[in-house]
Amino acid sequence: MKNFINISDCSSSELRTIIEEAKKRKKNRSGLNKSAPDIDKPFEGKSMAMIFEKPSTRTRMSFDIAVKQLGGTSIVLNPEGIHYGKGDETLKDTAKVLTEYVDIVMLRTASHKNLEEFGKHLGIPIINGLSDKSHPCQIMSDIMTFEETKGSITGKIISWLGDGDNNMSNSLIEAAGKFGFHLKIGCPNKYMPNKKILSWAKKNKVNLLVTKKPEEAVKDSDCIMTDKWVSMNDKVNKKVKKKNLKNYQVNERLMQKAKSDAIFMHCLPVGRGEEVTDNVIDGEQSVVWRQALNRVHVQKSIINWCLD
Ligand code: CP
Ligand code: NVA
341 MKNFINISDC SSSELRTIIE EAKKRKKNRS GLNKSAPDID KPFEGKSMAM
391 IFEKPSTRTR MSFDIAVKQL GGTSIVLNPE GIHYGKGDET LKDTAKVLTE
441 YVDIVMLRTA SHKNLEEFGK HLGIPIINGL SDKSHPCQIM SDIMTFEETK
491 GSITGKIISW LGDGDNNMSN SLIEAAGKFG FHLKIGCPNK YMPNKKILSW
541 AKKNKVNLLV TKKPEEAVKD SDCIMTDKWV SMNDKVNKKV KKKNLKNYQV
591 NERLMQKAKS DAIFMHCLPV GRGEEVTDNV IDGEQSVVWR QALNRVHVQK
641 SIINWCLD
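For the sequence shown, this note's numbering assigns the number 341 to the initial residue and increments by one for each residue that follows.
Encoded structure:
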């Protein structure tokens, strides 16, 4: 039994196993209906509880479909509708009760500490469906999507523009270390990756460039990625942050500075006209809908990995 909380918690070979199983299962179910189970139904008779402290479309849907395809069932719990550390029951006790009912828990939380606290008291695995610190499931889907389109990500150049200090950029830096790609982050000083992740990157010899110049960040890139300038629960002056990041918008001019066959990725939801223009996200180089689809396939192998 294992938890899936951060990319950095896993070894490179464990992460590679997850990606390869996702690719294999996707191929093997070609032609089946979207929610039809895989032939081997490894999760038959089992269930997942999902708790969302924040809104979600992709994570909610893709985990639900993933569990169906694995032959199991899922239940979504609204923290407002259950006893969830609100005074009448501690997180510890809720975790102990869920352990009796289901086989695995997925939590989307505004506080990474809640994940750790929950994980400590659960007798079953927990998966991070996004926290303020990391979004490992999304980055795994992005690795799979990159490799389906452009082959092995090892040694490739990936660029990240905009907010250099959010859950996605943290997980991407960890992935650069684990999968061995060159990561170039273009952001203003104020939104640079935080000290903790930079020191992890240094210790783990991540091939990382952080630059204020967006052109330098995207030069010769195989893939340009970005994310909302203001994340959920980001307690900032939105107007000021958006103004500070406006030179980091992914537009056709910047896309042309990358390799001619570079792809564009975004985890979604997107701020159209802010971090990316319509022409880019709707253009031929964009693979954003495939990223969303691959969430299903990667969640399946993450669940299987957690349950051994
Ligand atoms: N990318 C992603 O996690 O989307 P949701 O917020 O819709 O789950
Ligand atoms: N950084 C974004 C990712 C959304 C999937 C957020 O946390 O809102």
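We put the CB at the ideal spot given by N, CA and C, even for glycine.
Taking the Cβ atoms as the reference, N506 lies roughly 20 Å from S561, outside the contact range of under 8 Å.
The distance from the Cβ of S641 to that of E361 is about 4 Å, consistent with a contact at the 8 Å cut-off. With 16 or more other CB atoms across the displayed protein chains lying within 10 angstroms of its CB, D443 is buried.
Cα atoms of E556 and S352: separation of roughly 28 Å, rounded to the nearest angstrom.
Taking the CA atoms as reference points, N534 sits about 29 Å from M390. For G526, the enclosing beta strand (DSSP E) has its first and last residue at H522 to G526. Annotation for Q639 indicates a beta carbon at 6 Å or more from all heavy atoms of ligand 1. At the C-beta level, A435 and F403 stay beyond 7 Å of one another.
Selection K408, T399, I603 and L538 evaluated against D380 yields K408 as nearest (Cα-Cα).
Not one heavy atom of ligand 2 is found less than 6 Å from the C-beta of C563. For W645, DSSP assigns no beta-bridge partner whatsoever.
At least one heavy atom of ligand 2 falls within 6 Å of the beta-carbon of C607.
Take the alpha-carbon of I513 and the one of P465: they are about 24 Å apart. For N544, the Cβ stays outside the 6 Å cut-off from all heavy atoms of ligand 2. For I347, the closest alpha carbon among the candidates I525, M508 and D601 is that of M508.
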